[in-house]
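Protein chains in written order, with my numbering: chain A, -15 to 397; chain B, 71 to 519.
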């Protein structure tokens, strides 16, 4: 009996090795399920016909970061997976992500030069590329044209500095006590872009985070000052969860958001007459600041079919697929050549907003939304400080002191 | 003794008030969530109890519009050549001349870009607006009510499922009423917007519920995921109920009545296993499933039991607590029942199936409810074991997926609320059906029968 089962075992093992190569792709659940499966159906399957490679998308309903860390350590992770710039660093550090340089050198269709450099840099450690960015987002100024028209104020534009921007917001907010200029999310994910414009960097030359940096203090005072004067409002104070909701409610004239707001506005406020422009420049430095939020395709270092997985990766990041993604308004893809795409030149607010977000990645002090191996823990203390100041529980100085202490604790761990 | 009577009444009143308060406290959020799941904007603030979807006038209008357009009044649709006539009334202040609304059929689908992939025929390409005219004026004290009428014509050769519509008027011309209440009013009151004017009664009232089913589909098979999730959960629960009833009653009977060596040891071991928190055995269980129960599953051609129903079912065949309940129940049954059967020459097997098992109905009923409810609501273990594709999820994981789809980026709570409500229904039904057993099972009154 024992011998029989052993023999059977060997047969099955042999069968599984000789069988077709099955590539598993792991990514977010929800809408991504429909998008990636459609992408596989339309592009990947036809291209792989006859190669014996099959592809399956495995959407993860749960928190993806937690899932992928667990799956990688349990040895059950998919061959290709999403890698958010926020936590890619710690994953790469632990050595579970396959370096892609060797594959890229051999590839005829995918070259590192094709990808927008600032995106690729976010997944490059010491010259080694660990992920191919699939799409990205940056922040832009989204404004409600009706409110500006009503107030008789010029729309925000690409030439605005903090001062001119503030003056415009102030006039719009003067329409009515229930109308505000800017949606002030108490998050570093929004405010940080302004701090970058003023010259702040999350980590200074010694690798320390210094919140008493004059640039940081100036930015936080300007941002939270708007809550005090009523020029801006926290979305939570008008019972909205985020800037997009606040903009859709027409109580707020401007929100600093990425292209993700477009889909939300389409469903919540489809007739909102919105426009988008680049983030305002800091009057002193003359620079804008911005975040790059991006997700890359990473390859499992323990994958049994790496060559086949890279072949799939090539198709997923091919110009045809990216064109399709762009034209359907699903995301802003990562290839540099898309800058001249006719899609961006359309007379359509959605396309124009996407173009502004696309441009945002290469204008001014742009940093990826990632904080080394600290990930999301790094922003926590600052988010709390912003919230405390804007809900009048602390002064800027008190809040910053507290935040610095907590930040040191996070980084000292 | 009027004072005694009064006191008694006061007592009754106090008790009733207390019960009323209690039920409001418990049922209030439930009812409010149900109302919200029907609304266009479930998180609207301040919250309102007035729901357009619950007004009979809108029901009649939704039914009539769909019927008129050549679709089914209940399920909606604008048939080829179908026509819908629509009326809308605006208020203008004295001195302002009313203007006819600008009617636009936008290229839009509920649910955003991902949903747009599934649309084959856009209403915006086919539906034409004709005969826009003023049909009535009614002077008021300080202003004027003006009513306009227009007709939407479908020039497509196919039935259109979704016909969104936007009406825009100049500033300060206020919307008063329309054939069907708009889903939202935008641009400081200038624009009235409808998601679907030919929705039909059910999709109009249960718009969020319809979205849950329609918008979650599997691209590879084209099937509605939500239906699959419900089916999966029902299947898993049914299997677990069956295995639990079978194994728990057999094991319970053996432990209660049969004398065999090691009986107390097994019982002690079982009790001990109940005392270990699930988190402790969680990782080892996962590894056991990953390796296919020490490689045993390879005999059946499966290298791992992760991401399979077999894994989920095998790891939850029966719980120690179920065996415990059954053991306690059988111990209370009078031994004489069994003894008389044994004298008549019945085997242990016959005694169990013919006498003890039928007698255990109350306990089995209680066990059914408890098991069904726990499997139906089970979340963490299926989340870890079942990973893909989405067709395989049980409902709890499906709901998490809904949260990703609607809650993550856009805070679109309607479909999430609707989905949760659907998931609460089976347990409610089960409790109502098995209520009697539930109470009996808990008090074990069956032993006296």
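Positions of the beta carbon are idealized from the N, C-alpha and C atoms, including for glycine.
These numbers come from a predicted model, not from an experiment.
How many angstroms separate the CA atom of residue 169(A) from the CA atom of residue 458(B)?
-> 35 Å
Kindly list the residues whose CB is nearer than 7 Å to the CB of residue 446(B), restricted to its own chain and excluding five residues on each side of it in sequence; keep chain order.
-> 303, 307, 496, 497
Own chain residues within Cβ distance below 7 Å of residue 504(B), not counting five before or after | 435, 438, 439
Alpha carbon of residue 311(B) to alpha carbon of residue 324(B), nearest angstrom = 20 Å
Would you check if the distance between the CB atom of residue 281(B) and the CB atom of residue 488(B) is smaller than 9 Å?
-> yes
Would DSSP call residue 114(A) helix, strand or coil?
-> coil
Cβ neighbours of residue 2(A) in the same chain (closer than 6 Å, five flanking residues each side left out) = Residue placement at residue 2(A) is flagged as unreliable, the pLDDT there being 43, under the threshold of 50; the coordinate-derived value follows with that caveat. Within the same chain, residue 2(A) has no close Cβ partners at all.
C-beta atoms of residue 236(A) and residue 222(A) nearer than 9 Å | yes
Alpha carbon to alpha carbon, how far is residue 249(B) from residue 154(B)?
-> 11 Å
Since I believe residue 151(A) is in contact with residue 363(A) (beta carbons under 8 Å), could you give me their beta-carbon distance rounded to a whole number of angstroms?
-> Going by Cβ atoms, the distance from residue 363(A) to residue 151(A) rounds to 30 Å, so no, they are not a contact pair.
Determine contact between the region 118 to 125 of chain A and the region 314 to 322 of chain A, defined as no fewer than three beta-carbon pairs at a distance below 8 Å.
-> yes
Give the secondary structure of residue 163(B) by DSSP, where H, G and I count as helix, E and B as strand, and everything else as coil.
-> strand
By Cβ distance below 8 Å, which residues in the same chain neighbour residue -15(A) in space, the five residues on each side in sequence not counted?
-> In this prediction, residue -15(A) has a pLDDT of 41, which is less than 50 and means its spatial position is unreliable; what the coordinates show is noted afterwards. Excluding positions up to five away in sequence, the list is empty.
Unbroken beta strand (DSSP E) run spanning residue 9(A), endpoints = 5 to 12
Between the beta-carbon of residue 296(B) and the beta-carbon of residue 468(B), is there less than 9 Å?
-> yes
State the CB to CB distance for the pair residue 199(A) and residue 183(A), rounded to an integer number of angstroms; the pair is presumed to be in contact (CB under 8 Å).
-> 4 Å
In the DSSP assignment, what residue or residues form a beta bridge with residue 361(A)?
-> Note: residue 361(A) sits in no beta bridge, so no partner.
Between residue 348(A) and residue 181(A), is the Cβ-Cβ spacing less than 9 Å?
-> yes
For residue 421(B) and residue 22(B), the rounded distance between their alpha carbons = An answer regarding residue 22(B) cannot be provided, because it is not within the stretch 71 to 519 covered by chain B.
Drop a sphere of 10 angstroms on the beta-carbon of residue 338(B), count the other beta-carbons inside from all chains shown, and report buried for 16 or more, exposed for fewer.
-> exposed
Rounded to whole angstroms, how far is the Cβ of residue 221(B) from the Cβ of residue 238(B), which I believe are closer than 8 Å?
-> Incorrect: roughly 18 Å between the Cβ atoms, too far for contact.
Between the C-alpha atoms of residue 343(B) and residue 351(B), what's the straight-line distance to the nearest angstrom?
-> 10 Å
Where does residue 400(B) sit, in a helix, a strand or coil, going by DSSP?
-> helix
How long is the line joining the alpha carbons of residue 526(B) and residue 111(B), rounded to whole angstroms?
-> Because residue 526(B) is not part of the residues shown, which for chain B are 71 to 519, the question remains open.
Against chain B: residues of the region 254 to 283 of chain A by CB proximity under 9 Å | 254, 255, 256, 257
What number of angstroms, rounded off, separates the C-alpha of residue 491(B) from the C-alpha of residue 105(B)?
-> 11 Å
Which of the three DSSP states, helix, strand or coil, is assigned to residue 383(A)?
-> helix
Kindly list the residues whose CB is nearer than 7 Å to the CB of residue 241(B), restricted to its own chain and excluding five residues on each side of it in sequence; keep chain order.
-> 260
Going by C-alpha distance, which of 89(A), 325(A), 293(A), 40(A) is nearest residue 288(B)?
-> 40(A)
Residues sharing a beta bridge with residue 410(B), DSSP | Partner(s): none; residue 410(B) has no beta bridge.
Could you run through the region 109 to 120 of chain B and flag, in chain order, every residue whose CB is less than 9 Å away from some CB of chain A?
-> 111, 113, 114, 115, 116
In the structure shown, what three-state DSSP assignment does residue 224(A) receive?
-> coil
Pull up the CB-CB distance for residue 130(A) and residue 257(B), whole angstroms please, since I reckon it's below 8 Å.
-> 5 Å
Rounded to whole angstroms, what's the CA-CA distance from residue 108(B) to residue 124(A)? Just pull it up for me.
-> 34 Å
For the region 94 to 151 of chain B, list the alpha helix (DSSP H) runs that are entirely contained and at least 4 residues long, ordered along the chain.
-> 126 to 138
Can you name the start and end residues of the beta strand (DSSP E) that residue 219(B) belongs to?
-> 213 to 224
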